[in-house]
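In terms of the numbering used here, the sequence shown is residues 106 to 336.
Glycine residues also receive a C-beta, built at the ideal position from the N, C-alpha and C atoms.
Notes follow once the structure below has been shown.
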Amino acid sequence: MQEPIPDSAPEVLEREPATRARAYRGFAMRAALGIAVVAFLLWHFDARPILKLVARERAAFFSAAIGLYVAGQVMSAFRWQILARVAGLGGRFGEYLAYYFVGMFTNLFVPGLIGGDAARAVYLGRRHGRMGDAVASVAADRGLGLLALFWLAAVCAIAVTSVQLPRGMVRTTLAVGVVSFIAFLAGPAIGSFAARLPDRMRSAAGPAIVYLDRPVALVPAIVLSLILQAS
Numbered sequence: 106m107q108e109p110i111p112d113s114a115p116e117v118l119e120r121e122p123a124t125r126a127r128a129y130r131g132f133a134m135r136a137a138l139g140i141a142v143v144a145f146l147l148w149h150f151d152a153r154p155i156l157k158l159v160a161r162e163r164a165a166f167f168s169a170a171i172g173l174y175v176a177g178q179v180m181s182a183f184r185w186q187i188l189a190r191v192a193g194l195g196g197r198f199g200e201y202l203a204y205y206f207v208g209m210f211t212n213l214f215v216p217g218l219i220g221g222d223a224a225r226a227v228y229l230g231r232r233h234g235r236m237g238d239a240v241a242s243v244a245a246d247r248g249l250g251l252l253a254l255f256w257l258a259a260v261c262a263i264a265v266t267s268v269q270l271p272r273g274m275v276r277t278t279l280a281v282g283v284v285s286f287i288a289f290l291a292g293p294a295i296g297s298f299a300a301r302l303p304d305r306m307r308s309a310a311g312p313a314i315v316y317l318d319r320p321v322a323l324v325p326a327i328v329l330s331l332i333l334q335a336s
C-alpha cells in the first residue's frame, strides 16, 4: 500500500523551482558584474597596448599560463577541503571549489585577501552551522601556505647558486624557515598549553587547537602548498 504524501510535500516541490530560479538569477548577476568590471577596466585604461601584447603571445604558452592558474585555484580549494575535514567539516569538493572562486571574485573589490577569505568562511560556516571551525579552516589554509613559502624560500636560498644574494637576506630567510619549521613541530605542545588557558581564551582558540594537535594530518595540505608555491 502506497504511503500518503505528507502535506508539506507540495510546498517542497513548489519551492524547488523557485530556489533554482534564484540560483540562476544570482549567477547571472555575478556574471554580469564580472563583465561590467572587465568592461570598465578596458574603458578606463587604454586597452590597445594590452591587446597588442596579447596578439604577440604564443597561443600555447598563453593557454598554458591560464591552465596553470586555474589548476592552482583548484588545488587550493582541495587543500582547503583537506583542512576543513581535519576540523570535522564535511561537504563535497564542488562546494569548496565554488566558495573558493566566490572568495577570489570578492578580492576584486576588497583590497588584500581578507575580504575573499571572510566570504568563503561565511559561506562554509553558514552552510554547516559551524562558523568558528570554518574561520579556523580558512586561517589554517592561509597559514600553511605561508609556512610552505618560508620553507621553500629557505631551501632555495641554500640550493640556488646561480644568483648571489646578500648574506643578510640569506641568513634571514634561513632563520625564518628554521623557526617556522620548529614551531610547526612544536604544534602539539603549543596546543596543550592553549588548552590550559582561561575558559574565555580557550573557547576563542578552540577551533584552531585541532590543527596544532594533529601536525601529521596537515602533511597532505603542506605537500599541496609546496606544489602551489613551486608552480
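Item to check | Inter-residue Cα distance where the pair is serine 168 and alanine 176 | outcome: Rounded to the nearest angstrom, the two C-alpha atoms are 12 Å apart.
Checklist entry - If you draw a straight line from the alpha carbon of alanine 114 to that of glutamate 200, how long is it in whole angstroms? => result Note on alanine 114: pLDDT 48, under 50, position unreliable in the model; the coordinate value appears next. Linking alanine 114 to glutamate 200 through their CA atoms gives a straight-line distance of about 26 Å.
Checklist entry - How many whole angstroms separate the CB atoms of aspartate 318 and glycine 282, which I take to be in contact at a CB cut-off of 8 Å? => result Incorrect: roughly 23 Å between the Cβ atoms, too far for contact.
Next on the checklist: Quick check: what's the CA-CA separation for alanine 192 versus proline 312?
Outcome noted: Each residue's CA atom was taken as its position, placing alanine 192 and proline 312 some 7 Å apart.
Checklist entry - Ordered along the chain, which non-local residues of its own chain (more than five positions away) have a Cβ less than 6 Å from that of leucine 329? => result Here the set comprises Met180 and Arg184.
Next on the checklist: Tell me which residues share the same chain as methionine 106 and place their Cβ nearer than 7 Å to its Cβ, disregarding the 5 neighbours each side in the sequence.
Outcome noted: For methionine 106, the pLDDT reaches just 46, beneath the cut-off of 50, and the residue's location in the model is therefore unreliable, although a value from the coordinates is still provided. Once the five neighbours on either side are set aside, methionine 106 has no close Cβ partner at all.
Checklist entry - Quick one, are the C-beta atoms of valine 207 and aspartate 222 less than 7 Å apart? => result It is not a contact, given that the beta carbons lie outside the stated cut-off.
Item to check | Residues near arginine 225 by beta carbon distance below 7 Å, same chain, minus five either side | outcome: Short of 7 Å from the beta carbon of arginine 225, and not among the five residues preceding or following it, lie these beta carbons of its own chain, in chain order: Tyr204, Tyr205, Val207, Gly208 and Val243.
Checklist entry - Of the residues Gly230, Ala133, Ala335 and Leu188, which one's Cα is nearest the Cα of proline 320? => result Nearest neighbour of proline 320 by Cα position, chosen from Gly230, Ala133, Ala335 and Leu188, turns out to be Leu188.
Checklist entry - Could you give the distance in angstroms between the alpha-carbon of alanine 182 and the alpha-carbon of alanine 322? => result The alpha-carbon atoms of alanine 182 and alanine 322 are separated by roughly 17 Å.
Checklist entry - Ends of the alpha helix (DSSP H) at serine 330? => result Per DSSP, serine 330 belongs to the alpha helix (DSSP H) from 324-335.
Checklist entry - Is glycine 177 helix, strand or coil by DSSP? => result If DSSP states are grouped into helix, strand and coil, glycine 177 belongs with the helices.
Checklist entry - Roughly how many angstroms lie between the CA atoms of glycine 230 and glycine 195, to the nearest whole one? => result When rounded, the distance between both Cα atoms is 11 Å.
Checklist entry - Which residues bound the alpha helix (DSSP H) around leucine 254? => result Residues 236-264.
Next on the checklist: Within a Cβ cutoff of 7 Å, which residues of the same chain sit near valine 117, ignoring the five residues on either side of it in sequence?
Outcome noted: Reliability fails at valine 117, whose pLDDT of 46 lies under 50, so the model's placement of it is uncertain and no value is given.
Next on the checklist: Tell me which residues share the same chain as alanine 335 and place their Cβ nearer than 8 Å to its Cβ, disregarding the 5 neighbours each side in the sequence.
Outcome noted: Result list for alanine 335: Leu257, in chain order.
Next on the checklist: DSSP three-state label for glutamine 186, please.
Outcome noted: In the structure shown, the three-state DSSP call for glutamine 186 is helix.
Checklist entry - Contact check, leucine 331 vs phenylalanine 289 under 8 Å by CB: the rounded distance? => result Going by Cβ atoms, the distance from leucine 331 to phenylalanine 289 rounds to 13 Å, so no, they are not a contact pair.
Item to check | Limits of the unbroken alpha helix (DSSP H) element including valine 227 | outcome: If you look at valine 227, you'll find it in the alpha helix (DSSP H) that goes 219-233.
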